[in-house]
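So the structure is just underneath, and the comments pick up after that.
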Ligand code: NAD
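Residue numbers (the working numbering): 92 to 451.
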């Protein structure tokens, strides 16, 4: 046995409940009663209206109705409309059914009005575990942290992920893995979060190939959602670095799809950061069961034959300098110094879909 030498740290636990397991959506009414929420507004994306209606119907009189208008990056006008619905219906809570878009809209309501959120996540993006909000006004996305937007209860029902398209399942899973990778080298990582990050990556890396092979594999779906939960806790607990900054800049400036962008960019940022964090590379090698974690992540991201370059997502080569400058606009923690040349090379390689190169 080797002594590890745990260093000084501060760990802040977040006040929330998690109910996990196939069929657990049936406990939603109990959760709402346990939290003392009288009436709630159900929120989902237009594409998940059927699910939203069924959740609202199951809640009976506890639901004031359904708002099936959630969309990516939460436009401010939509947030204000949702607040009016909540106020007019006398709701004291929002039930967000869906991915980061539905949960994001519920968070926007909770920023403006004293309501509690119960989330039923159907993707692996992890927003349900975080006090992070994001909203868009005049094409500019603003994000922040506010514990009032943290869901009070999260009901994870892997059966709700059976309909998640295979390509989105994979990229959303890599979005979750990206939270855990950046948590491992975050300045505020703690031993507890490092354990969760490694286990979350392991659970997703082992289950996603089975999900890709058979989207109806409930055991694999359960493991993937378990991994997503752990990775979401990592996002909530630590400060993200270059990878999230780049994806945020790409999403904000070019409206690139969130999960695909994360999935494509992650191996390139890890290849850049790897020489500065040998201990993290060792943890990742073990979690991914591969001596070359960068290539393992790249192989994983290519399992579903989806887009493999930013060019395929619609980015133009001329956009690279603008995104580079956006990603450098503010300073943030990163294990390796972030220079304009480094950011530009990462973007050029990810744009072209070239194999990521790890410096030795
Ligand atoms: P999403 O919520 O936008 O969903 C993508 C599409 O998939 C939507 O059309 C949705 O209806 C559909 N969908 C979702 N689950 C489905 C299912 N099980 N079956 C069938 N269709 C399904 O995607 P996302 O990647 O979860 O969320 C992206 C948004 O969340 C972005 O705006 C991102 O910035 C935000 N986000 C925020 C945080 C945070 O902590 N605040 C964390 C991660 C992501």
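Backbone N, C-alpha and C define an ideal beta-carbon position, used for all residues, glycine too.
Where residue 207 is concerned, there is no enclosing alpha helix (DSSP H), although the beta strand (DSSP E) around it starts and stops at 207-212.
Taken through DSSP and simplified to helix, strand or coil, residue 401 comes out as coil.
Taken from the Cβ of residue 163, at least one heavy atom of the ligand NAD lies inside 8 Å. Using a Cβ distance threshold of 9 Å, residue 401 and residue 357 do not count as a contacting pair. For residue 185, the uninterrupted beta strand (DSSP E) run begins and ends at 184-189, by DSSP. In this structure, residue 288 keeps its C-beta atom at 9 Å or more from the C-beta atom of residue 315. Residue range 244-247 is occupied by the beta strand (DSSP E) that includes residue 247.
With respect to the 9 Å criterion, residue 170 and residue 203 are classified as neighbours on the basis of their beta carbons. Under the DSSP assignment, residue 302 falls in the alpha helix (DSSP H) whose first and last residues are 282-304. Rounded to the nearest whole angstrom, the CA to CA distance from residue 423 to residue 115 is 39 Å. Secondary structure in the region 119-175: the beta strand (DSSP E) runs of 3 residues or longer, each lying completely within the stretch, are 131-134 and 154-158 in chain order. Annotation for residue 260: 302 place their beta carbon closer than 6 Å to its own, counting only its chain and skipping 5 residues before and after.
Below 8 Å, enough C-beta pairs join the region 214-230 and the region 240-256 to call them touching: three or more. Under the three-state reduction of DSSP output, residue 449 falls in the coil class, being neither helix nor strand. The three-state secondary structure of residue 217, taken from DSSP, is coil. Membership of residue 360 in the alpha helix (DSSP H) is indicated by the continuous run 349-364.
Between the region 236-250 and the region 263-282 there are fewer than three C-beta pairs closer than 8 Å, too few to call the two in contact. Sixteen is the threshold: since fewer than 16 other Cβ atoms of the shown chains lie within 10 Å of the Cβ of residue 97, the residue is exposed.
Between the region 406-417 and the region 296-313 there are fewer than three C-beta pairs closer than 8 Å, too few to call the two in contact.
The distance from the Cβ of residue 267 to that of residue 318 is about 6 Å, consistent with a contact at the 8 Å cut-off. 9 Å or more divides the Cβ of residue 281 from the Cβ of residue 344. With a contact defined as Cβ atoms closer than 8 Å, residue 362 and residue 449 qualify at about 5 Å. Under a 10 Å Cβ-count criterion, residue 425 is classified as buried, with 16 or more other Cβ atoms of the shown protein chains found around its own Cβ. Taking the Cα of residue 137 as reference, the smallest distance to any Cα among 106, 190, 246 and 335 is reached at 190.
In the structure shown, the three-state DSSP call for residue 378 is helix. Excluding residues up to 5 positions away in sequence, 364 and 367 lie with their Cβ nearer than 6 Å to the Cβ of residue 427 in the same chain. Rounded to whole angstroms, the Cβ separation of residue 173 and residue 196 is 6 Å, and the two are in contact under 8 Å. The ligand NAD has a heavy atom closer than 8 Å to the beta-carbon of residue 223.
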